[in-house]
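Read the structure below first, then the notes.
Numbering (the numbering used here), first residue to last: 1183 to 1535.
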């Protein structure tokens, strides 16, 4: 599971002209060079005739896209002389494929996606961060809350995950090892991204969930063992922030795009500050109407209010220690080879890190 999969990920392909503050473009069409990529075309207004047109692909998980849509809606991209076409894809892997294939100029994905692409030989560099925590929490079934009080209590229990090797499984393995629990004694139940009902009904003893399942389970009496969307829990159980959403560019274009990359990061920095402090209603108003149709707004507002100070960093500079935690978790899960240096995919010089 990458950042797009989950209940707060709308169906890509919905096409409706959004209403609200700022300029937006329609979501339509397909980029043939990157299967599963939806683009938002539109001509430049006269006031932006000199703005540099760039395309940035990302997954469509609502908690991931907020800073990007805020930057567009509030005019932060425009202030930096950029006309940014936000390209919605069905998951971070599709966004990365679009970047590697040359269909877009930038890709914003979970660090897991960038790291694995780099490990497979992709010539990319990541230079900005817009998310410092993964979108998961480990919760018990309501009926098991008094029996399971910590991670070691998961030994000889069933725990629901989306799939073996997915982000939630990797993080869970890391959490278990950090707590001194034996992952070999845990029974992993593969339930796909929507395991809420199985957990609520007690078909598994615990599970890795996202919002709004986390809030709903809490209302049903579940015990939250670890909430990685909370910086306090991340510090306690992961050792600190765990690099998540961020922006990458093709390595061979880094030098000629350097000024553009810095302008893009400045715009995202303004958006991050707004995302952390502006009224939640204003943030949701920045999103395309089509992306919050079908009842997502209430859950999104609650999740933003609860988690935004933890999820979104104060500025877009990459935290090397947070990136290393992701790499370490991948190594412990047997996914990342020992010879792969995660520092190779990070370009800290772009923003003076």
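Even glycine gets a Cβ: it sits at the ideal position worked out from N, Cα and C.
For this session: May I have a chain-ordered list of the alpha helix (DSSP H) segments no shorter than 4 residues that lie completely inside the segment 1379-1418?
Result: 1395-1401
Exercise. Shortest alpha-carbon distance to residue 1500 belongs to which of 1282, 1487 and 1430?
Worked result: 1430
For this session: Could you tell me if residue 1534 is buried or exposed, where buried requires 16 or more neighbouring beta carbons within 10 angstroms of its beta carbon?
Result: exposed
Exercise. Exposed or buried, residue 1425, counting other C-beta atoms within 10 Å across all chains shown (16 or more means buried)?
Worked result: buried
Exercise. Sorted by chain position, which residues of the same chain lie with C-beta nearer than 6 Å to residue 1288's C-beta, five sequence neighbours on each side aside?
Worked result: 1238, 1429 and 1431
For this session: Output yes or no for whether 8 Å exceeds the beta carbon distance between residue 1336 and residue 1343.
Result: no
Problem set entry | residue 1384 versus 1345, 1512, 1322 and 1275, residue with shortest Cα-Cα distance | 1322
Exercise. Three or more beta-carbon pairs under 8 Å between the segment 1453-1465 and the segment 1485-1492, yes or no?
Worked result: yes
For this session: Determine, using beta carbons only, whether residue 1357 and residue 1333 come nearer to each other than 8 Å.
Result: yes
Exercise. Nearest to residue 1236 by CA position, among 1523, 1251, 1246 and 1269, is which residue?
Worked result: 1269
Exercise. Using 8 Å as the Cβ pair cut-off and three pairs as the minimum, do the segment 1351-1369 and the segment 1297-1312 touch?
Worked result: no
Exercise. How many Å lie between residue 1256 and residue 1275 at the Cα?
Worked result: 28 Å
Exercise. Nearest-angstrom Cα distance between residue 1380 and residue 1302?
Worked result: 35 Å
For this session: On the DSSP bridge assignment, give the partners of residue 1322 in chain order.
Result: 1388
Exercise. Which residues mark the beginning and the end of the alpha helix (DSSP H) in which residue 1459 is found?
Worked result: 1440-1459
Problem set entry | Bridge partners - residue 1234, DSSP secondary structure assignment | 1264
For this session: Give every residue of the same chain whose Cβ lies closer than 6 Å to the Cβ of residue 1365, excluding the five residues on either side of it in the sequence, and list them in chain order.
Result: 1355 and 1358
For this session: Mark residue 1461 as exposed unless 16 or more other C-beta atoms lie within 10 angstroms of its C-beta, in which case mark it buried.
Result: exposed
For this session: Examine chain B for any beta-carbon lying closer than 8 Å to the beta-carbon of residue 1457, and answer yes or no.
Result: The chain inventory of the structure shown lacks chain B, comprising one protein chain alone.
For this session: Ignore the nearest five residues each way along the sequence and tell me which others in residue 1590's own chain have a CB closer than 8 Å to its CB.
Result: Because the chain in this structure spans residues 1183 to 1535, residue 1590 falls outside the shown range and cannot be described.
For this session: Return the CA-CA distance between residue 1442 and residue 1247, expressed in angstroms with no decimal places.
Result: 20 Å
For this session: Leaving aside the five residues before and after residue 1510 along the sequence, list all residues of the same chain whose C-beta is less than 8 Å from its C-beta, in chain order.
Result: 1356
For this session: Compare the C-alpha of residue 1420 against each of 1527, 1507, 1244 and 1261 and name the closest.
Result: 1507
Problem set entry | The beta strand (DSSP E) enclosing residue 1427, as first and last residue numbers | 1427-1432
Exercise. Can you tell which of 1369, 1258 and 1416 has the C-alpha that lies nearest to the C-alpha of residue 1316?
Worked result: 1416
For this session: Quick one: grab the DSSP three-state call for residue 1252.
Result: helix
Problem set entry | Of the residues 1459, 1482 and 1447, the one placed nearest residue 1531, counting alpha carbons only | 1447
Exercise. Under three-state DSSP, which class holds residue 1343?
Worked result: strand
For this session: Use the C-beta contact count for residue 1521: other C-beta atoms within 10 angstroms, 16 or more gives buried, fewer gives exposed.
Result: exposed
Problem set entry | Extent of the continuous alpha helix (DSSP H) to which residue 1511 belongs | 1502-1514
Problem set entry | Short Cβ contact (8 Å threshold) for residue 1263 with residue 1234 | yes
For this session: Return the first residue and the last residue of the alpha helix (DSSP H) that residue 1466 is part of.
Result: 1462-1467
Problem set entry | Beta-bridge pairing of residue 1311 - partner residues as DSSP gives them | 1428
Problem set entry | Where residue 1346 falls, given that 16 or more other Cβ within 10 Å makes a residue buried | exposed
Exercise. CA-CA distance, residue 1457 and residue 1252?
Worked result: 7 Å
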